[in-house]
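Engineer:
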Amino acid sequence: MSTEQKIIYTETDEAPRLATFSFLPIIKAFSDAAGVQVETRDISLAGRILASFPEWLSEDQRIADHLAELGELTQDEAANIIKLPNISASNPQMLAAIKELQGQGYELPEYPEEPQNDAEQDIKNRYDRVKGSAVNPVLREGNSDRRSTKAVKDYAKKHPHSMGDWTVNSKSHVAHMNAGDFYASEISTTMDQDDQLSIVLRTQEGSETLATGIGVSAGEIVDAAFMSKAALCAFYEEQIAKTEDGVLFSLHLKATMMKVSDPIIFGHAVKTYYREAFEKHASVFAELGVDANNGVGDAYDKIQSLPEDQQAEIKADLDECLVKGPDLAMVNSDYGITNLHVPSDIIVDASMPAAIRESGKMWGPDGGLHDMKAVIPDRCYATVYQEVINDCKAKGALDPTTIGSTSNIGLMAQKAEEYGSHDTTFEIPQDGQIEVMSASGEVLLVHSVQTGDIWRMCRVKDAAVQDWIKLGVERGRLTGSAVIFWLDENRAHDAQLITKLHRYLPEHDTSGLDISTLKPADATKRSLELMRQGLDTISVSGNVLRDYLTDLFPILELGTSAKMLSIVPLINGGGLFETGAGGSAPKHVQQFEAEGHLRWDSLGEFLALGASLEHLGRVFDNDAAKLLGETLDEAIAEFLDSNRSPSRRVNEIDNRGSHFYLAKFWAEAVARQDKDPSLKQRFAALAERLSASEAQINEELLTAQGEPVDVGGYYAPNPELAAMAMRPSKTLNDAIDSV
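Numbering (my numbering), first residue to last: -1 to 737.
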């Protein structure tokens, strides 16, 4: 175990990255007083790209592979990592980041869409490892514990966010496949012993090994499933044809986390909706390298290199598909950005709760809200959203002032259930049979597949499952809340988990606890029933469902998932403290660049820091760190109660002002306590100085707003420019730097 008392604060992307320039000096001013070092590691998209190509860069441009370093640190029982939201990059985001870095003087290679040789294939492989959910599987060496704190829940009840009015006549609904999806084809087994697996595709031409040397351990669950391309395209055709007038066609996927499977699923929707234009201009699109998996925006962008008359013809044909087809849900109706424009714009875990909060409506081409057909092809979890819609249609919108909370224990340790996002997911190149084989040649799992089908294998280690069950029981014991394991006995993977649950649950004291196992649709109904009674539930779920639920319920309860406390108790004893969701971060950066106002709410960072200090205090028996954690909790409660969160409007309090008030309230809380006289004296001076300068600091912070801001880059901001923009109050800076 390391003896250094250290917190690693991660540098990530977009609004959280900018906010760090303002908040980190405040953190260090307090942590130094407890002998706690705070260091940063760059795991941003740009940082991970640069770390992948050291030989292409000059010596002073190179950065270490901080993600790999933190991955090793998670094995240390003294690990203490605060992880901010990061970009799970889609292909368009990756290309934009590369272009920006090249413009900043980094001689990075171009991304080879279709590698022509081994060198280009190596470049593509390196870039592809950075795409999608590349960070979380490395850092999440523990299962997830996400919940709202009492202070946050009390604030939501006192200051409820707006909710749309539901009616029984709402036409909003979820459409999913009933055959040919992953749910229908899933098969699963539990390993009897340690082994090395291979994935082999057998066709009439012979056999091709798609992957080999896949290490598995005894007790590990191994799944295989595929989505039929033919069934998927037929489903899209049917749903497009059946969309009623006045109802928006709206696709919801997870093309970032599920970086292999979901962009393909997205691309088929694009090609189906825009079929006539894609078929008519197939040869031109092929020559231009138009990729439907990147959205129809890729076609609009790439035709700009053509002569004006040809450009106009193709654009007119694409636009004609919008006229003939059902109205699409819009990402930005002012600019004509549709739901099918870019895959990273329609992330299901953020887009569906937001629509449900708006009474099941999304924005249409006319700039108004309309009922929607939410298309979620795979039915594994689509039913969850339909049950929420059913509940709201029957009983009205949930009332944030009275409803209970649904927290989550998520199975994600040791890369559990990374569906569709890793190197065991494939687009099948030709008809055949795909087999998962043991080292001895035994066929463990087998599917007959056709060209274009999407096949995936995923795993869950036994130790991760045991820890997950233990955490679920512990939370039930601590809270007295109902514990629901969201598992479907009719789904192959879940049936394996249910077997393990029956085996390991008796090892824990469950006397007096309300523990049940329900399939996701029924678990949703039960949770909503309890919530409407003002009661709390603990959802104990798998990894992807964890991702969905920890946005769905917090957005309905709190208005945002960024206000959730997110703790990952690492299996080896360390702690990973996550800081909420980043789904709205892109819009925040755009507003900041245009108006100098950053509305990003750092409450997630505040909560994570408090939990991090308390954890460190326990591990190292550091009373000062424990005290700082306790007083930070007091400061957060006062911060919320006095409503010092960022406003959405320019020339009102923004992220930087919220950091000032958090520092002020924290210093005052430390100055009030009597446990540690030296800390009391140290921060009494800061509290007095900040209180006396409050008007001056607010004036300096507000004066900095209202004009465009250039921080030198979206994906890789210039540190000096960003620090100047995010620390515009000399009075505040002098006070913090003097501690």
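Even glycine gets a Cβ: it sits at the ideal position worked out from N, Cα and C.
The beta strand (DSSP E) spanning Ile257 covers which residue range?
Structural biologist: For the purposes of this step, residue 257 is identified with residue 259 of the sequence shown, where counting begins at 1. It should be noted that the sequence gives Lys, not Ile, for residue 257. Taken as a continuous stretch (DSSP letters only), Lys257 belongs to no beta strand (DSSP E), as it is neither H nor E.
Engineer: Tell me the start and end of each unbroken alpha helix (DSSP H) in the segment 199 to 255 that is at least 4 residues and wholly inside, in chain order.
Structural biologist: 227 to 240
Engineer: Report the option in Ala667, Asp307 and Glu112 whose CA atom is closest to the CA atom of Glu285.
Structural biologist: Within the sequence shown, numbered from 1, the residue matching residue 285 stands at position 287. Here the closest residue by C-alpha is Glu112.
Engineer: Does the Cβ-Cβ distance between Ser689 and Lys662 come in under 8 angstroms?
Structural biologist: As a working mapping, residue 689 is identified with position 691 in the sequence shown. As a working mapping, residue 662 is identified with position 664 in the sequence shown. In contact: Ser689 and Lys662 (Cβ atoms closer than 8 angstroms).
Engineer: Taking only the alpha-carbon atoms, compute the straight-line gap between Phe28 and Leu22 and give it to the nearest angstrom.
Structural biologist: The residue you call residue 28 lines up with position 30 of the sequence shown. The residue you call residue 22 lines up with position 24 of the sequence shown. For Phe28 and Leu22, the distance between alpha carbons rounds to 10 angstroms.
Engineer: Taking the alpha carbon of Gly608 as the point to measure from, which residue in Leu65, Gly408, Ser479 and Ala633 has its own alpha carbon closest?
Structural biologist: As a position in the sequence shown, residue 608 is number 610, starting the count at 1. It is Ala633.
Engineer: Distance check for Gly140 and Glu2, CA to CA, integer angstroms please.
Structural biologist: In the sequence shown, residue 2 corresponds to position 4, counting from 1. In the sequence shown, residue 140 corresponds to position 142, counting from 1. Roughly 22 angstroms separates the two Cα atoms.
Engineer: Starting from the C-beta of Pro158, find all residues in its chain whose C-beta is less than 6 angstroms away, skip the five residues before and the five after it, and write them out in chain order.
Structural biologist: Locating residue 158 in the sequence shown gives position 160, counting from the first residue. Within the same chain, Pro158 has close Cβ partners Pro398 and Thr399.
Engineer: With DSSP as the reference, please indicate the residues paired to Leu22 in a beta bridge.
Structural biologist: In the sequence shown, residue 22 corresponds to position 24, counting from 1. For Leu22, which the question treats as bridged, DSSP gives no partner whatsoever.
Engineer: Just to confirm, is the Cβ distance from Val245 to Met370 under 8 angstroms?
Structural biologist: Position 247 of the sequence shown, counted from the start, is the residue given in the question as residue 245. Position 372 of the sequence shown, counted from the start, is the residue given in the question as residue 370. In contact: Val245 and Met370 (Cβ atoms closer than 8 angstroms).
Engineer: Going by DSSP in three states, Asn653 sits in which element: helix, strand or coil?
Structural biologist: In the sequence shown, counting from the first residue as 1, residue 653 sits at position 655. Note: Asn653 maps to helix in three-state DSSP.
Engineer: Would you grab the beta carbon distance between Phe604 and Leu526 for me? Rounded to a whole angstrom, and I think it's under 8 angstroms.
Structural biologist: Walking along the sequence shown from the start, residue 604 turns up at place 606. Walking along the sequence shown from the start, residue 526 turns up at place 528. Between Leu526 and Phe604 the Cβ distance is about 29 angstroms, and since that is not below 8 angstroms, they are no contact.
Engineer: Can you tell which of Glu628, Asp221 and Thr147 has its C-alpha closest to the C-alpha of Leu563?
Structural biologist: Counted from its first residue, the sequence shown places residue 563 at position 565. The option with the nearest alpha carbon to Leu563 is Thr147.
Engineer: With Ala480 as the anchor, note down where its beta strand (DSSP E) starts and where it stops.
Structural biologist: Taking the sequence shown and counting its residues from 1, one reaches residue 480 at position 482. Run containing Ala480: Ala480 to Trp484, per the beta strand (DSSP E) assignment.
Engineer: Let me check one thing: in DSSP terms, what residues is Gly602 bridge-paired to?
Structural biologist: The sequence position of residue 602 within the sequence shown is 604, counting from 1. Partner(s): none; Gly602 has no beta bridge.
Engineer: Which residue wins for smallest C-alpha separation from Ile25, given the options Glu12, Ser42 and Ile6?
Structural biologist: On the sequence shown, residue 25 is found 27 positions in, with the first residue counted as 1. Put simply, of Glu12, Ser42 and Ile6 the residue whose alpha carbon is nearest the alpha carbon of Ile25 is Ile6.
Engineer: Roughly how many angstroms lie between the CA atoms of Lys129 and Lys257, to the nearest whole one?
Structural biologist: The residue labelled residue 129 in the question sits at position 131 within the sequence shown. The residue labelled residue 257 in the question sits at position 259 within the sequence shown. When only Cα atoms are considered, Lys129 and Lys257 end up about 7 angstroms apart.
Engineer: Assuming contact is defined by CB atoms lying nearer than 8 angstroms, are Leu338 and Val294 in contact in what I supplied?
Structural biologist: Mapped onto the sequence shown, residue 338 falls at position 340. Mapped onto the sequence shown, residue 294 falls at position 296. Yes, Cβ-Cβ distance for Leu338 and Val294 is below 8 angstroms.
Engineer: How would you label Ser438, buried or exposed, when you count the other beta carbons within 10 angstroms and need 16 or more for buried?
Structural biologist: Numbered from its first residue, the sequence shown carries residue 438 at position 440. By the beta-carbon neighbour count (other beta carbons within 10 angstroms, threshold 16), Ser438 is exposed.
Engineer: Straight-line CA distance for Thr738 to Gln428?
Structural biologist: Residue coverage of the chain in this structure runs from -1 to 737, which leaves residue 738 outside it and unanswerable.
Engineer: Run through DSSP, which three-state label would Met92 get?
Structural biologist: Residue numbering aside, residue 92 sits at position 94 when the sequence shown is read from its first letter. Here Met92 sits in helix by DSSP.
Engineer: Give the straight-line distance between the Cα atoms of Leu574 and Gln35, rounded to the nearest whole angstrom.
Structural biologist: What you label residue 574 is simply residue 576 of the sequence shown in a count that begins at 1. What you label residue 35 is simply residue 37 of the sequence shown in a count that begins at 1. Looking at the two C-alpha atoms, the distance is approximately 16 angstroms.
Engineer: Whether or not the segment 511 to 526 and the segment 230 to 243 are in contact is what I'm after, with contact meaning three or more pairs of Cβ atoms, one per stretch, closer than 8 angstroms; do they touch?
Structural biologist: no
Engineer: In the DSSP assignment, find the beta strand (DSSP E) that holds Tyr7 and state where it starts and stops.
Structural biologist: Here the question's residue 7 lines up with position 9 in the sequence shown. Lys4 to Glu9 is the extent of the beta strand (DSSP E) around Tyr7.
Engineer: Quick check on the burial criterion: 16 or more other C-beta atoms within 10 angstroms. Buried or exposed for Lys240?
Structural biologist: Position 242 of the sequence shown, counted from the start, is the residue given in the question as residue 240. The residue is exposed, with fewer than 16 neighbouring Cβ atoms inside 10 Å.
Engineer: Output yes or no for whether 8 angstroms exceeds the beta carbon distance between Lys523 and Glu385.
Structural biologist: Taking the first residue of the sequence shown as position 1, residue 523 is located at position 525. Taking the first residue of the sequence shown as position 1, residue 385 is located at position 387. Yes; because the gap between Cβ atoms is below 8 angstroms, this pair is in contact.
Engineer: Taking only the alpha-carbon atoms, compute the straight-line gap between Glu218 and Lys413 and give it to the nearest angstrom.
Structural biologist: Taking the sequence shown and counting its residues from 1, one reaches residue 218 at position 220. Taking the sequence shown and counting its residues from 1, one reaches residue 413 at position 415. Looking at the two C-alpha atoms, the distance is approximately 12 angstroms.
Engineer: Does the count of Cβ pairs from the segment 606 to 622 and the segment 716 to 728 closer than 8 angstroms reach three?
Structural biologist: no
Engineer: Should Thr422 go down as buried or exposed, given a rule of 16 or more other Cβ atoms within 10 Å for buried?
Structural biologist: Counting from one through the sequence shown, the residue named residue 422 turns up at place 424. Counting Cβ neighbours within 10 Å, Thr422 comes out buried, since at least 16 surround it.
Engineer: Quick check on Leu476: buried or exposed, where buried means 16 or more other Cβ atoms within 10 Å of its Cβ?
Structural biologist: Position 478 of the sequence shown, counted from the first residue, corresponds to residue 476. Classification of Leu476: exposed, given that the 10 Å Cβ count is below 16.
Engineer: Name the residue from Glu698, Glu108 and Asp116 whose alpha carbon lies nearest to the alpha carbon of Asn649.
Structural biologist: Your numbering for residue 649 matches position 651 in the sequence shown. Comparing Cα positions, the closest option is Glu698.
Engineer: Does the beta-carbon of Gly101 have 16 or more other beta-carbons within 10 angstroms, so that it is buried, or is it exposed?
Structural biologist: Position 103 of the sequence shown, counted from the first residue, corresponds to residue 101. Counting the other Cβ atoms within 10 Å of the Cβ of Gly101 gives fewer than 16, which makes it exposed.
Engineer: Below 8 angstroms, can you find three or more Cβ-Cβ pairs linking the segment 262 to 273 to the segment 307 to 327?
Structural biologist: yes
Engineer: May I ask you to verify whether the segment 54 to 63 touches the segment 583 to 603, counting CB pairs closer than 8 angstroms and requiring at least 3?
Structural biologist: no
Engineer: Rounding to the nearest angstrom, what Cα-Cα distance links Ala132 and Ala669 in this structure?
Structural biologist: Reading the sequence shown from its first residue, position 134 is the one you call residue 132. Reading the sequence shown from its first residue, position 671 is the one you call residue 669. Distance between the alpha carbons of Ala132 and Ala669 is about 42 angstroms.
Engineer: CA-CA distance, Ala352 and Pro107?
Structural biologist: Within the sequence shown, numbered from 1, the residue matching residue 352 stands at position 354. Within the sequence shown, numbered from 1, the residue matching residue 107 stands at position 109. If I take the Cα positions, the gap works out to 38 angstroms.
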